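Participant: The structure that follows is given in the form of structure tokens.
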Amino acid sequence: MSRGRGLGLLFIFWWSSFGFCLAGEPKSYDEAMADEAHLKWELAMKDEMLSLEENQTWELVKMPAKKKVLQNKWIFRVKQEAGGVQRYKARLVVKGFGQREDDMLVAGTNMKKIDDLKKRLANQFSMKDLGEAKQLLGMQITRDKKKKKL
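Pasting the structure below:
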């Protein structure tokens, strides 16, 4: 596998998903397929593979002589969204590397610059805009636009 394009942006805040894990998340592919929510895990894995393909994260090549294959594994997470909605997420990672990044949060006071950044990212990567943040690091976010307060 060879890595595709990198993000190359400096002013983006990545946050870890490990703080949002619920008990009972599968530790392996086999556990996910044996889980009662196996259809949700399958859909999450398909979404991840589609995202990897669309973002040209890797390409299939003939294995070079005297090279070792990097092993990979699936990481499964259930995220709690506002209102108690659960979102099933699967990430394919190379073994030996810790996965820490997941969702991206772009914050600022200039909406034009935020929209421009999102457009530039969308031109290079397959993205889902989840709208305004409702939760961050386990805390619910509430807004009062009239008083300009979070």
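Every number in this note's numbering is 1 more than the matching position in the sequence shown, counting from 1.
Using N, Cα and C, we set each Cβ at its ideal position, and we do this for glycine too.
Quick caveat: nothing in here was measured; it's all calculated off a predicted structure.
Is the Cβ-Cβ distance between MET128 and LEU122 less than 7 Å?
Facilitator: Looking up residue 128 in the sequence shown gives position 127. Looking up residue 122 in the sequence shown gives position 121. Between MET128 and LEU122, the gap from beta carbon to beta carbon is short of 7 Å.
Participant: Give the secondary structure of TRP42 by DSSP, where H, G and I count as helix, E and B as strand, and everything else as coil.
Facilitator: One-based indexing of the sequence shown puts residue 42 at position 41. TRP42 falls in the helix class under three-state DSSP.
Participant: Spell out the partners DSSP gives ILE76 in its beta bridges.
Facilitator: Position 75 of the sequence shown holds residue 76. Bridge partners of ILE76: ARG92.
Participant: Can you tell me where the alpha helix (DSSP H) holding MET112 begins and where it ends?
Facilitator: As a first step, residue 112 must be located in the sequence shown, where it is residue number 111. It spans 112-125 - the alpha helix (DSSP H) in which MET112 sits, taken as one unbroken run.
Participant: Could you check where the alpha helix (DSSP H) with MET64 kicks off and where it finishes?
Facilitator: Reading the sequence shown from its first residue, position 63 is the one you call residue 64. Unbroken run through MET64: none, as it is neither H nor E.
Participant: Just to confirm my understanding: we take PHE126, look at its own chain, exclude 5 residues before and 5 after, and list those with CB closer than 6 Å. What are they?
Facilitator: On the sequence shown, position 125 is the one that residue 126 refers to. The answer, listed in chain order, is ASN56.
Participant: Using DSSP with H/G/I as helix, E/B as strand and the rest coil, what is LYS129?
Facilitator: Here residue 129 refers to the residue found at position 128 when the sequence shown is read from its first residue. Three-state DSSP puts LYS129 in coil, outside helix and strand.
Participant: Take the Cβ of ALA91 as the centre, count every other Cβ of all protein chains shown within 10 Å, and call the residue buried at 16 or more, exposed below.
Facilitator: Taking the first residue of the sequence shown as 1, we reach residue 91 at position 90. Buried, because 16 or more other Cβ atoms sit within 10 Å of the Cβ of ALA91.
Participant: Measuring only the C-alpha atoms, how far is PRO27 from HIS39?
Facilitator: By one-based count along the sequence shown, residue 27 stands at place 26. By one-based count along the sequence shown, residue 39 stands at place 38. Taking the straight line from one Cα to the other gives about 10 Å.
Participant: Cα-Cα, which of TYR30, SER52, LYS113 is closest to LYS74?
Facilitator: If you number the sequence shown from 1, residue 74 lands on position 73. Considering only alpha carbons, the answer is TYR30.
Participant: Just curious, the alpha helix (DSSP H) that GLU32 is in, first and last residue?
Facilitator: The residue given as residue 32 occupies position 31 in the sequence shown. Element bounds for GLU32: 30-35.
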